[in-house]
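If you're matching them up, the sequences are chains F and P in order. Just so we're aligned, residue 1 is where the first sequence starts under the UniProt record's numbering, counting upward by one. Just so we're aligned, residue 1 is where the second sequence starts under the UniProt record's numbering, counting upward by one. A short write-up of the structure that comes next.
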Amino acid sequence: MKKKIRIVVARLGMDAHWRGSIVVARALRDAGLEVIYLGNQMPGTIVATAIQEDADIVGLSTLSGNHMILAPEVVRLLREEDVDGPTVILGGTIPPDDIPRLKEAGIAEVFGTGTSLKKITDYITGTSLTTQGDYQKST
Amino acid sequence: MSRLFDKNAIEDIDREKDQWQKEIYQPAEGEEKVFETLSGIPVEPLYTPAHTAGMDYLNDLGFPGQEPYVRGVYPTMYRGRTWTLRQLAGFGPAEETNKRYKFLLKEGATGINGVFDYPTLRGFDSTDPFARADAGRGGVAIDTIEDMRILFEGIPIDKISTSLVTCQPICNISVQSMYFASAEMRNVPLDKLTGTSQNDFLMETVITVAPELLPPRFSFKLSCDAIEYCTKHVPRWNPISFAGYNYRESGCSAAQEVAFVIANATACSEELILRGLEVDSFAPRLSFFLSAHNDFFEEIAKYRAARRIWFHIMKERFGAKDPRSLRLRFHVQTAGVALTAQQPLNNISRAAYHALSAVLGGAQSVHIDGYDEALCTPTELSSLTALRTNQILQLETRATNTIDPLGGSYFVETLTNKVEEETLRLLDEIDGMGGIVKAAATGWIHKEISNSAYEYQQAIESGKMPIVGVNCYQMEEEELPVDLFQVPETLQIQEQKLKRIKNERNGSHVREALDAVARCCEQDGNLMEVIVESVKSRVTQGEISQTLKGSYGTWEPPLF
Chain F
1 MKKKIRIVVA RLGMDAHWRG SIVVARALRD AGLEVIYLGN QMPGTIVATA
51 IQEDADIVGL STLSGNHMIL APEVVRLLRE EDVDGPTVIL GGTIPPDDIP
101 RLKEAGIAEV FGTGTSLKKI TDYITGTSLT TQGDYQKST
Chain P
1 MSRLFDKNAI EDIDREKDQW QKEIYQPAEG EEKVFETLSG IPVEPLYTPA
51 HTAGMDYLND LGFPGQEPYV RGVYPTMYRG RTWTLRQLAG FGPAEETNKR
101 YKFLLKEGAT GINGVFDYPT LRGFDSTDPF ARADAGRGGV AIDTIEDMRI
151 LFEGIPIDKI STSLVTCQPI CNISVQSMYF ASAEMRNVPL DKLTGTSQND
201 FLMETVITVA PELLPPRFSF KLSCDAIEYC TKHVPRWNPI SFAGYNYRES
251 GCSAAQEVAF VIANATACSE ELILRGLEVD SFAPRLSFFL SAHNDFFEEI
301 AKYRAARRIW FHIMKERFGA KDPRSLRLRF HVQTAGVALT AQQPLNNISR
351 AAYHALSAVL GGAQSVHIDG YDEALCTPTE LSSLTALRTN QILQLETRAT
401 NTIDPLGGSY FVETLTNKVE EETLRLLDEI DGMGGIVKAA ATGWIHKEIS
451 NSAYEYQQAI ESGKMPIVGV NCYQMEEEEL PVDLFQVPET LQIQEQKLKR
501 IKNERNGSHV REALDAVARC CEQDGNLMEV IVESVKSRVT QGEISQTLKG
551 SYGTWEPPLF
């Protein structure tokens, strides 16, 4: 049996907006992914959960403007733990000027306001196939 | 009886209309387009007197300023006084937001609408480890009464009305108290203050959930404490603004928005009556905050339906007699969720339509969103453009010449009835669950809203709901024609202020103040009575929240 792609979804820090993260999480679940939804969390907890759950993807959401501080922190902590993967992606109200800096900091992709669910789902299934070679390991 | 039309005339019209629809009106071949409102109410090709034949003019519509207030809450409406131009503002430290307030007032804003940052809204100090990355974001940072003093420095708070968007009761109980306490310290008597606070327990427990929430029944208690306090001491203050706008932003339909605010207002009224208050002592000061979304006519119908429902509940369920208790007064914000990051200048047109629907629906005050809000906090230019859009609507369009100009429109009256019907059905369902506090605690409201949000997104996804620039008329490699706002440095400034204050203040006064709060929780007293005094010894907002959580515990909301 193939292992489902597993994604940890979290809202960063104090961001108040759950609409986007829940809609995306539901779309991913409907597309057959295994979704672990955390609500508001700080980078430390997000990383600990991602490792514990052996997640393929960490999906971060924020509309509050805290992304330049907290999103790179998630990548940094993951690297510190020296784990192979997971891919970190980010969605929300992200000023376009910040996107290159986020990518430099190791965020694999940024999905701004108005991104279609299909684009996000395609990205995740595509990424998991190519970079997470072991995602098909049997369970 | 004051039927709108004569029975024979209706029969003639109905017959002719059937014939017209059969013989003249022909949908384009192969066209399977569904015509419905944004909330899914089916819309017919044409409305005629037959649709409103069952209505009784005097009972169902009446006159402005008279029961059932459908046509407007005041007799003269905008002919007497136009809506308040209340532009939302707040970011960074209090020093910076104070400048923006003064700028907006100088440019003709007629009220202040102050928004607080994420940590303040949730009762955290800027320096809390969970809060640091969000200090100054989405609003102004308030940690102690000193920040409140700076925020309103040089602004005549005895003359100008102030809206404090203290969404969560845990925020309101301390931030509102700081506002009152600093007014006292400026020698402004509390009975001179006019304004509104938000103070909505659904904001805390369903709509904008965050870490370490109070359980719904205690959040609700704090909200009622503030209403009770204001009823006794700050009679011209609106101590709550039921935040339908934010419910809608999270995903509600038009009817859900109205049903949830009215169920919330009903629960507050029941609680305050249980506490021994007369309904007419507090109901005139209950206020509402609604959204203006994309469906132009449905929004107008929504405001009109809300007024009729509230009137009946206040009169029949609570026996209110003061006409002011029977009027649903509301502030409108144009829908932020309808704005697009793509081709952002298009948002100026969107928000102008939204605001027009609010005005045709009889709003008491209107905030128009900045065109850049899907990208960042509004810049000075986008704030000013929004204010000017509001002024153009008020001064140039002449939409204000007559009251309720769409009253009597066969379509708008029918839609008003439909939104009312669906809202009443939801209100019954909530009553059946034991009221809104229980419906929040079981996760039912969260589920309703997230289902609606998911359907909405699916409709965009499938193209069934066109959004210009998003799923049609997109532009490749778009150059952004706007400058983006940068939040000024906040954390360091707040950190320094807090450090200094903690050194300066009298430690035993602080302990006494916090003990008094804890004791009040144990004795189930009114917390605002105590906190208005406590904040004077410069206890921080976070210290008050921690004390409340120590007494009431915290609650894990449904997540997904």
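Positions of the beta carbon are idealized from the N, C-alpha and C atoms, including for glycine.
- In the DSSP assignment, tryptophan 555 of chain P is bridged to P:Leu213.
- Here the alpha carbons of valine 279 of chain P and isoleucine 273 of chain P stand approximately 6 Å from one another.
- Within chain P, the residues placing a beta-carbon under 8 Å from that of aspartate 97 of chain F are Leu484, ordered along the chain.
- Chain-ordered, the chain P residues with CB closer than 7 Å to the CB of leucine 70 of chain F read Ala133.
- Following the DSSP letters along the chain, one finds alanine 141 of chain P in no alpha helix (DSSP H), marked with neither H nor E.
- In the three-state reduction of the DSSP assignment, alanine 243 of chain P falls in the strand class.
- When the alpha-carbon of cysteine 224 of chain P is set against those of P:Ala255, P:Gln168, P:Ser253, P:Phe330, the nearest one is in P:Gln168.
- Residue pairing by DSSP places arginine 6 of chain F opposite F:Glu34 in a beta bridge.
- Beta-bridge annotation (DSSP): isoleucine 57 of chain F is paired with F:Ile7, F:Thr87.
- Using a Cβ-Cβ cut-off of 8 Å, serine 61 of chain F is close to nothing in chain P; its nearest Cβ partner there is about 13 Å away.
- Our two residues, glutamine 21 of chain P and phenylalanine 5 of chain P, have alpha carbons roughly 21 Å apart in a direct line.
- According to the DSSP assignment, glutamate 109 of chain F belongs to no alpha helix (DSSP H) but to the beta strand (DSSP E) extending over 109-111.
- The Cβ atoms of alanine 55 of chain F and leucine 117 of chain F lie no closer than 8 Å to each other.
- Under the Cβ criterion (8 Å, minimum of three pairs), the segment 250-259 of chain P counts as touching the segment 405-422 of chain P.
- About 5 Å separates the CB atoms of isoleucine 403 of chain P and proline 64 of chain P; that is less than 8 Å, so the two are in contact.
- When P:Thr377, P:Ala363, P:Gly276, P:Pro211 are compared, the shortest CA-CA separation from alanine 131 of chain P is found for P:Pro211.
- Between arginine 86 of chain P and histidine 354 of chain P, the gap from beta carbon to beta carbon reaches 8 Å or more.
- By the rule that beta-carbons nearer than 8 Å mark a contact, aspartate 15 of chain F touches chain P.
- Lysine 4 of chain F is outside the set of residues whose beta carbon lies under 8 Å from a beta carbon in chain P.
- Contact annotation, alanine 105 of chain F with valine 58 of chain F: C-beta distance approximately 14 Å; criterion of less than 8 Å not satisfied.
- For isoleucine 22 of chain F, a Cβ of chain P is located within less than 8 Å of the residue's own Cβ.
- Ranking P:Lys159, P:Asn8, P:Tyr371 by CA distance to the CA of aspartate 191 of chain P puts P:Lys159 first.
- Close CB contacts of glutamate 53 of chain F within its chain, under the 8 Å cut and outside five residues either way in sequence, are with Arg6, Val8, Ile36 (chain order).
- Contact between the segment 77-95 of chain P and the segment 276-296 of chain P is absent: fewer than 3 CB-CB pairs across the two stretches fall below 8 Å.
- A distance below 8 Å separates the beta carbons of glycine 123 of chain P and isoleucine 170 of chain P.
- If the five residues before and after threonine 194 of chain P are omitted, its C-beta is found closer than 6 Å to the C-beta atoms of Ser161, Arg236, all from its own chain and listed in chain order.
- Contact between tyrosine 410 of chain P and threonine 52 of chain P holds, with the beta-carbon distance rounding to 6 Å and staying under 8 Å.
- Per DSSP, phenylalanine 260 of chain P lies in no beta strand (DSSP E) segment; the continuous alpha helix (DSSP H) that holds it begins and ends at 254-274.
- Following the DSSP letters along the chain, one finds leucine 290 of chain P in no alpha helix (DSSP H) but inside the beta strand (DSSP E) bounded by residues 286-292.
- Rounded to the nearest angstrom, the gap between the Cα atoms of phenylalanine 91 of chain P and leucine 393 of chain P is 27 Å.
- At least one CB of chain F lies nearer than 8 Å to the CB of tyrosine 454 of chain P.
- The C-alpha of isoleucine 89 of chain F is placed about 10 Å away from the C-alpha of tyrosine 123 of chain F.
- Your pair valine 482 of chain P and aspartate 369 of chain P does not check out as a contact, with CB atoms roughly 14 Å apart and the cut at 8 Å.
- Each of F:Gly65, F:Leu60, F:Ser21, F:Gly114 was checked against the Cα of leucine 484 of chain P, and the nearest Cα belongs to F:Gly65.
- Taking a C-beta distance under 8 Å as the contact criterion, leucine 33 of chain F and alanine 10 of chain F do not qualify as a contact pair.
- Taking a contact to require three or more Cβ pairs closer than 8 Å, the segment 349-364 of chain P and the segment 298-317 of chain P qualify as touching.
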